[in-house]
Amino acid sequence: MNDNYLWDGSGEPDPEIQRLENALGRFRHNRPAPDFRVLAQATLTFPAPRRVRISFFAAFAGLAAAALLVVGVENYENSLRRTSITQPGWNVSTTEGAPRIGAKMIGINGEMASLEAGETLETDDASRATISDNATGEVDVDLDTRLRAVQSPSGTKHLALDRGTIHAQIWAPAGSFVVDTPSAVAVDLGCVYTLHVDDSGNGLLRTSFGWVGFKLDGHESFIPTGAACATHPNSGPGTPYFEDAPANLREALAQFDSASATPAQKSAALGIVLAAARKRDALTLWHLLSRADPSDRSRVYDRLAALVPAPAGVTREGILLLDRTMLDSWWNQLGLGDVRLWRNWERDWPDSQRAAK
Amino acid sequence: MTDWPAREAAPVSDDTRLVEAARGGDRGAYGRLYDRHARMVHGILLARVPPGEVDDLVQDVFLQALPRLGSLRDAARFGAWLAAIARNRANDYYRRSRPTTELTESLPAAQIEDRAASSAEMAQAAAILAAIRELPDAYRETLILRLVEGMTGPEIAARTGLTPGSVRVNLHRGMQQLREKLGALSAKVATP
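These protein sequence lines map, in sequence, to chains A and B.
Residues in the first sequence are numbered consecutively from 648, following the working numbering.
Residues in the second sequence are numbered consecutively from 4, following the working numbering.
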């Protein structure tokens, strides 16, 4: 299958997809816009949610006698707030061995189980599972993993990864799927990713597709396709980097992010990162703007500007003061995704792990 | 590493301009919003309700949205907002019904207007559509927007508010599952 042709019709046409397009094209929308000036005048609002059908022919004929009864304001506002995620739990299927939900082993007889808010799914060194929700996506739960379903008043799908590894493939709207770890909250912005937490609470997130936002106490990290980000209980989300970045850059970045590094060690590590950075590593440099010591920030600015010139409206002075609008504008210049996606869905994600302590 | 196409900048700013004009009473501007987004609304509804009902429901969605434009905080997200209204309208259709209508009902040929096709081609198309409608929500909606409505992946992302990454995953995995379904269907037909 030609993936590019399926994606945007480019490249060599895929015969199978063309056959489907030809067959299904008969169902395509082909009605012109009605005259909204006429219809708007004919629209009345009543408290009872009855509906009277208006045919397109009547609309075009301009029959003022036709009327559409609209659901009452309160009901309509509530319906707008509803998302496609209405079921509280996850379907659980066993892929290997006998995982547990609470004290109960599941999948022994091939039965499906469900993981509800407040419950914990645990796999051992011989078991794996997959949890899924039609409107959200699928999460593969690896060996030796402990995963909790969290009650979320906001209606999002909320999990907490205490330890182990999950592989998430999410198709729900951005911001609808959240995973707590001991050191950060991962917010899905439409993607496929792997998240690992070790026994000390240190985490590593790797994005295979799309991008993920990592947030804790005001520190944010955006992790696009092909990038990774570590997290630590003492310092929260680290600095994202592309996994194909030079080894010396990644090693120096780990030193920079280390909670035990002295200011001098951080500054020295920063120098290595800046020297080794390619244009693609602008991802890392952008994040370093807000993480570097103020005395080092100008070095980061200069190197980032050399790799990806700042867009119009972004000034050196503004960036050195960490003006958020300017930082967001420069992020969009990197071509890694529109930061508005994050800002539109940004909120104070409840951290279930720290709240429980 | 795949470089995702950048989102279209022009459509977002066009929506903002048209929404602001429509809010000001310009119904012609609203008609242009209809032209830009009707395919998306049609596809979302086609993924959920009987095909014969879709055209009227498209109009319902736009008529419901019109007086609510003032509640839309970010005019640039008109498409995503409208998509949510369309999905809710589809849910309302079943709640208010009308006795149960099978989502996978085949389309009566008599309801298709101006579609010059043999019965066999129509039946095949209806079977394919039914197979898509049996897929998970996200897959069927995205596939219908791509294969029925002719929208590209970047266009689907820009109009619906989904990320390009999500759309691409939905298209890819949706096609995989559709191929499996259609393969199983062919095997059933071929087996006496």
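Ideal Cβ placement from N, Cα and C applies to all residues, glycine included.
Contacts that residue i makes with chain A (C-beta to C-beta distance below 8 Å)
i        : result
B:Val151 : Leu671, Gly672, Phe674 and Arg675
B:His40  : Those within 8 Å of B:His40 in chain A number zero; the least Cβ separation is about 10 Å.
Alpha-carbon spacing of residue i relative to residue j, whole angstroms
i        : j        : result
A:Thr767 : B:Arg182 : 35 Å
A:Ser942 : A:Phe889 : 26 Å
B:Arg30  : B:Ala68  : 13 Å
A:Ser855 : A:Arg795 : 23 Å
A:Ala908 : A:Gln902 : 7 Å
B:Ile88  : B:Val172 : 24 Å
B:Leu150 : A:Ile664 : 8 Å
A:Ala894 : A:Val920 : 10 Å
A:Gly658 : A:Thr742 : 37 Å
A:Gly960 : A:Ile966 : 11 Å
A:Pro887 : A:Thr931 : 6 Å
A:Ser945 : B:Gly186 : 60 Å
A:Thr783 : A:Pro910 : 43 Å
A:Glu763 : A:Gly656 : 41 Å
B:Val52  : A:Ser761 : 28 Å
A:Val950 : A:Ala831 : Contrary to the premise, residue 950 of chain A reads as Arg rather than Val in this sequence. Those two C-alpha atoms are separated by around 28 Å.
A:Thr792 : B:Ala126 : 48 Å
A:Leu667 : B:Asn91  : 28 Å
A:Val940 : A:Leu954 : In the sequence as presented, Val is not what sits at residue 940 of chain A; that position holds Asp. C-alpha separation (whole angstroms): 21 Å.
A:Ala875 : A:Ser774 : 26 Å
A:Phe869 : B:Asp63  : 39 Å
A:Ser779 : A:Trp737 : 6 Å
B:Pro14  : A:Gln912 : With a pLDDT of only 49 at B:Pro14, under 50, the local geometry of the prediction cannot be trusted, and no value is derived from it.
A:Arg938 : A:Ser882 : 11 Å
A:Leu900 : B:Thr155 : 39 Å
B:Leu49  : A:Asn677 : 13 Å
B:Glu158 : A:Gly873 : 23 Å
B:Ala41  : B:Asp17  : 15 Å
A:Ala924 : A:Glu867 : 21 Å
6 Å Cβ shell around residue i - same chain, five flanking residues per side excluded
i         : result
B:Pro102  : In this prediction, B:Pro102 scores a pLDDT of 45, lower than 50, which makes its location untrustworthy; no coordinate-derived value is stated.
A:Met973  : Val961, Gly965 and Ile966
A:Ala1002 : Because A:Ala1002 sits at a pLDDT of 41, beneath the cut-off of 50, its placement in the model cannot be relied upon, and the point is left open.
A:Lys862  : Val832
A:Arg747  : Glu769
A:Ser799  : His805
Rounded Cβ spacing between residue i and residue j (contact assumed at less than 8 Å)
i        : j        : result
B:Val61  : B:His45  : 5 Å
A:Val797 : A:Val834 : Not really, about 14 Å apart at Cβ, beyond 8 Å.
A:Ala776 : A:Val739 : 6 Å
A:Asp845 : A:Arg810 : 7 Å
A:Leu969 : A:Leu936 : 7 Å
A:Leu842 : A:Ala815 : 7 Å
A:Ile817 : A:Asp789 : With 8 Å as the limit, A:Ile817 and A:Asp789 do not qualify as a contact, their Cβ atoms being about 17 Å apart.
Cβ shell of residue i (< 8 Å), same chain only, five flanking positions each side left out
i        : result
B:Leu138 : Leu146, Gly177, Gln180, Leu181 and Lys184
A:Met759 : Asn738, Val739 and Ser740
B:Val57  : His45, Leu48 and Leu49
A:Tyr948 : Leu936, Arg963, Ile966 and Leu967
Contacts of residue i in chain B (Cβ-Cβ under 8 Å)
i        : result
A:Trp933 : Ordered by position in chain B, no residue passes the 8 Å Cβ test against A:Trp933, which lies about 17 Å from the chain.
A:Val986 : The contacting residues do not exist; A:Val986 stays about 12 Å from chain B at best.
A:Leu653 : Arg149, Gly156, Leu174, His175 and Met178
Chain-ordered chain B contacts of residue i [CB-CB under 9 Å]
i        : result
A:Glu668 : Arg149, Leu150, Val151 and Gly153
A:Gln816 : Val172 and Arg176
Contacting residues, own chain, Cβ-Cβ under 7 Å from residue i (five flanking each side not counted)
i        : result
B:Leu1   : Because chain B is modelled from 4 through 195, residue 1 of chain B falls outside the range shown and cannot be assessed.
A:Val986 : Asp975, Trp978 and Asn979
A:Phe674 : none
Interface partners of residue i on chain A, CB under 7 Å
i        : result
B:Pro53  : None at all; the shortest Cβ gap to chain A is about 12 Å.
B:Tyr33  : Phe683
B:Ile131 : Leu667, Ala670 and Leu671
B:Ala24  : Going along chain A, no residue has its Cβ under 7 Å from B:Ala24, so there is no contact; the nearest lies around 12 Å.
Interface residues of chain B facing residue i [CB-CB closer than 7 Å]
i        : result
A:Asn656 : It is worth fixing the name first, because residue 656 of chain A is Gly in this sequence and not Asn. Per Cβ cutoff of 7 Å: Thr155.
A:Gln798 : Within 7 Å Cβ-Cβ: nothing; A:Gln798 doesn't reach chain B, min ~23 Å.
A:Val825 : Chain B residues near A:Val825: none, gap ~16 Å exceeds 7 Å.
With a cut-off of 8 Å, do at least 3 Cβ pairs link the region 87-95 of chain B to the region 24-39 of chain B? no
Should the region 740-757 of chain A be regarded as contacting the region 130-144 of chain B, the criterion being three or more beta carbon pairs within less than 8 Å? no
Taking 8 Å as the cut-off, does the region 123-134 of chain B touch the region 157-176 of chain B (at least 3 CB pairs, one atom from each stretch)? no
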